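2 protein chains.
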Amino acid sequence: MARTAGSHSDITGPRIEAAALRLIARHGFAAVSMRQIAAEVGVQAGALYNYIPDKQTLLARLMIGHMEDLLEAAQTLQGGDPLARLEEFVRFHIDQNRERGDAVFVAYMELRSLTDENFARVEALRRAYEARLEDVLVAGVEAGAFKITDVRITARALIAMLNGVNTWFRESGPRRLDEVQDIYWDMARGAVGGG
Amino acid sequence: MARTAGSHSDITGPRIEAAALRLIARHGFAAVSMRQIAAEVGVQAGALYNYIPDKQTLLARLMIGHMEDLLEAAQTLQGGDPLARLEEFVRFHIDQNRERGDAVFVAYMELRSLTDENFARVEALRRAYEARLEDVLVAGVEAGAFKITDVRITARALIAMLNGVNTWFRESGPRRLDEVQDIYWDMARGAVGGG
């Protein structure tokens, strides 16, 4: 056999996921059919079902994959004092979001479409990512560098603020991304009382 | 005639809009049909077409109506010094979002589904609302109370941060809404260098 089922999946899987992400971000999960996804990839619907049993499983795989990729990328964060760690997180998060625009949009929009079980899995990964930022905030409070009333709420507020960049930033706009990152870093530092 | 076409529309219109908003927030615009909306209201599909010509017009009416309601509500903002005005805006925006959860969600999610013409109308209203906050920020900079590099970006960042409350706040949670507003006000003040 020139092509095993395994190697077939290895090739087709990422193409299916990319097509599904594109279509769901454009039309919403409920409006996209397995047939449409197959057509976008250029395979028969049957080939899709060889790869994944149903649309819910595909959505869960996309959303879990997104959070796992983000958590893996966050392994590269270097550390340092709390202020340096917060700055690094702010720039990292904006960079990551720019690279994964559709995945970020779907990650927030389609929580409504997950089964309870899949929602719980995505939510646990999201909490793990938020905890990365919460650790930085706690370290800053302990060092007397930050003034924060509620670490969990503050982490969520900062992430929501940073996520907003994707809704308006355009490469063709008046500011370069690194200038935007400077502005958000100033705001984030001020928001946590970091001087 | 006991019921004119006018009074019929007056009664049915808000019910149709409420049903459409609920369904679109749950399933996404592309997945919801006029027939489903009619069934949710408890009328025939024909009755819906008496009220509104098509689904795109209905979506535009929902999104434009939301922004117009928000702008009208913002007329009640009292003023005062820049710090007091910013605090008032922060609490106002969170209150408004809590009252209009589905409308806020649809307002961000379904920009993708608007025709260019309707997008431009919604975008103009959104800009007018952002300008309310930008005026406060400019006043604060001029008074030497705020330190801001880019007023437009700062306004968008603050609004994104405040919008985040809707994604996690629950009445049954550990914090009351007014405590959450206190926390966001502290963060917003810090983010603009307001001490």
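Protein chains in written order, with UniProt numbering: chain R, 1 to 195; chain P, 1 to 195. Backbone N, C-alpha and C fix where the C-beta goes; we use that ideal spot for every residue, glycine too. Bear in mind the structure is a predicted one, so any value in this text is a computation, not a measurement.
- For R:L71 and R:I94, the gap between their C-alpha atoms comes out near 14 Å.
- Think of a sphere of 7 Å around the beta carbon of R:W168: the chain P residues whose beta carbon falls inside it are R156, in chain order.
- In chain order, A60 place their CB closer than 6 Å to the CB of P:N118, counting only its own chain and leaving out the 5 sequence neighbours on each side.
- For R:H27, the C-beta contacts it makes with chain P under 9 Å involve G28, F29, A30, A31, R112 and S113, in order along the chain.
- Taking a contact as a CB-CB distance under 8 Å, the pair R:V122 and R:I52 does not count as one, their CB atoms being some 17 Å apart.
- Closer than 8 Å to the CB of P:G46 there is not a single CB belonging to chain R.
- The C-beta of R:N97 has 16 or more other C-beta atoms within 10 Å across all chains shown, which makes the residue buried.
- For R:A39, not one C-beta of chain P is nearer than 8 Å to its own C-beta.
- Under the rule that a run must span 4 or more residues, the alpha helix (DSSP H) segments found entirely inside the UniProt DNA-binding region "H-T-H motif" (33-52) of chain R read 34-41 and 45-51.
- Under the three-state reduction of DSSP output, P:A143 falls in the coil class, being neither helix nor strand.
- Taking 8 Å as the threshold, the shortest C-beta distance from R:G190 to chain P falls below it.
- In the structure shown, P:L77 adopts coil according to DSSP, grouped into three states.
- Close CB contacts of R:K55 within its chain, under the 7 Å cut and outside five residues either way in sequence, are with M34 (chain order).
- Among the residues of chain R, none has a CB under 9 Å from the CB of P:V90; the nearest is roughly 11 Å distant.
- P:L48 and P:H27 have their C-alpha atoms spaced approximately 19 Å apart.
- Where R:I183 is concerned, the enclosing alpha helix (DSSP H) starts and stops at L177 to A191.
- In terms of CA proximity to P:A188, R:T154 leads the group R:L177, R:A25, R:T154 and R:R176.
- The Cβ atoms of R:A160 and P:G80 do not sit closer than 8 Å to each other.
- Between R:M34 and chain P, the shortest Cβ-Cβ separation is not below 8 Å.
- Cα atoms of P:A25 and R:A131: separation of roughly 29 Å, rounded to the nearest angstrom.
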